[in-house]
Amino acid sequence: MLLQRVLFLPLVTQWNRHATQNLIPRFPAVRLTGFRSNSSLPGAKEQTLIAVKPDGVQRRLVGQIIRRFEQKGFKLVGLKMLQVSEELLSQHYCQLTRKPFYPSLVKYMTSGPVVVMVWEGQDVVQSSRLMVGPTNPAAAPAGTVRGDFSLHVSRNVVHASDSLEGAQREIQLWFQGKDLVKWDCWDQTLTCEE
Ligand code: IDP
Ligand code: MG
132 MLLQRVLFLP
142 LVTQWNRHAT
152 QNLIPRFPAV
162 RLTGFRSNSS
172 LPGAKEQTLI
182 AVKPDGVQRR
192 LVGQIIRRFE
202 QKGFKLVGLK
212 MLQVSEELLS
222 QHYCQLTRKP
232 FYPSLVKYMT
242 SGPVVVMVWE
252 GQDVVQSSRL
262 MVGPTNPAAA
272 PAGTVRGDFS
282 LHVSRNVVHA
292 SDSLEGAQRE
302 IQLWFQGKDL
312 VKWDCWDQTL
322 TCEE
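Its first residue numbered 132, the sequence shown is counted upward by one per residue in our numbering.
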């Protein structure tokens, strides 16, 4: 049994690294090749914006999506449900307003309420993009939110900020500072080195 672990575990770890790197090629490999970092390094206290889009809310997927982030060990510091205005959406998707699909994106995103969250933790921006999966669900692997719950790019269930700068901009857009809660997880030292 011990021998099996010694032989098999490095193989699985190696496979996981390759699989993860292939998911998001734009991230430099060095960021994903197994390391232990501590809270003095960048990334330790990152925050990101995750939103369950109207299709996810209508399909009652909010709980399952929150569960994945809790299960991973991230900390929820902001949460609200709202009907998005076109004005807010145009700021959120400011880089997409000239795209041909933008009018249908607005229709989709304003078709019902969204649930918007801020999650905090070690490398949460990059990790949550991996957990959510690629924009097009057809290319999203099983195990990712989009891979498990969606079929088409026009109904991809969830939003996740794509960079640290994007996350900071989006959090300021959707939340006021006073709406974000500072609190300590009792199990913090179990999920991350201090
Ligand atoms: P992301 O959500 O993975 O960051 P973006 O390129 O930022 O992807 O696009 C924002 C959102 O716009 C997507 O999540 C999706 O809802 C929508 N979208 C992107 N490309 C298309 C498309 O080709 N057709 C329809 N909707 C699209
Ligand atoms: Mg994006």
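In this text, a Cβ means the ideal position worked out from N, Cα and C, and glycines have one as well.
Point to revise | D179, enclosing beta strand (DSSP E) - first and last residue | key: The amino acid at residue 179 is misidentified as Asp; the sequence shows Thr. Note, T179: beta strand (DSSP E), 177-183.
Exercise for review: Starting from G278, trace the alpha helix (DSSP H) both ways and give me its first and last residue.
Suggested key: Per DSSP, G278 belongs to the alpha helix (DSSP H) from 276-280.
Practice item. Kindly examine the ligand GTP and report whether one of its heavy atoms sits closer than 8 Å to the Cβ of Q257. Key: Among the ligands modelled here, namely the ligand IDP and the ligand MG, the ligand GTP does not occur.
Check your understanding: Can the beta-carbon of L261 be found less than 9 Å from the beta-carbon of A269?
Key -> Against a cut-off of 9 Å, the Cβ pair of A269 and L261 comes out as no contact.
Practice item. Could you check if M212 is buried or exposed, using at least 16 other CB atoms within 10 Å of its CB as the buried criterion? Key: M212 is exposed by the Cβ-count criterion.
Practice item. Report back the beta-carbon spacing between S259 and T179 to the nearest angstrom; my notes put them in contact at under 8 Å. Key: Taking 8 Å as the upper bound for CB-CB distance, S259 and T179 are in contact here, some 5 Å apart.
Review point. So is Q189 buried or exposed if we call it buried at 16+ other beta carbons inside 10 Å?
Key: Q189 comes out exposed.
Point to revise | S242 CB to nearest heavy atom of the ligand IDP below 8 Å | key: In this structure, the C-beta of S242 stays at least 8 Å away from each heavy atom of the ligand IDP.
**Study point:** Cβ-Cβ distance between V237 and L311 below 9 Å
**Key:** No, Cβ-Cβ distance for V237 and L311 is not below 9 Å.
Check your understanding: For the beta strand (DSSP E) that contains W250, what are its first and last residues?
Key -> In the DSSP assignment, W250 falls within the unbroken beta strand (DSSP E) covering 245-252.
**Study point:** Completely contained alpha helix (DSSP H) runs for the region 194-235, where each covers 4 or more residues
**Key:** The alpha helix (DSSP H) runs of length 4 or more contained entirely in the region 194-235 are, from start to end of the chain, 217-223.
Point to revise | beta-carbon T322 near the ligand MG non-hydrogen atom, thresh 8 Å | key: Residue side-chain check: T322 keeps its Cβ at 8 Å or more from all non-hydrogen atoms of the ligand MG.
Practice item. Quick one: residues in its chain with C-beta nearer than 8 Å to the C-beta of I197, no 5 flanking neighbours on either side, listed in chain order? Key: Within the same chain, I197 has close Cβ partners L207, M248.
**Study point:** Rounded straight-line distance, which links the Cα of V255 to that of K313
**Key:** Taking the straight line from one Cα to the other gives about 16 Å.
Practice item. Assign G252 to buried or exposed, taking buried as 16 or more other Cβ atoms, counted over all protein chains shown, within 10 Å of its Cβ. Key: Note on G252: 16 or more other CB atoms within 10 angstroms of its CB, so buried under the neighbour-count rule.
Check your understanding: Could you give the residue range of the beta strand (DSSP E) that holds A269?
Key -> First-last for A269: undefined, no H or E at that position.
Check your understanding: DSSP state of V312, grouped into three classes?
Key -> Residue state, collapsed to three classes: coil.
Review point. Roughly how many whole angstroms lie between the Cα atoms of G308 and Q299?
Key: Each residue's alpha carbon lies about 12 Å from the other.
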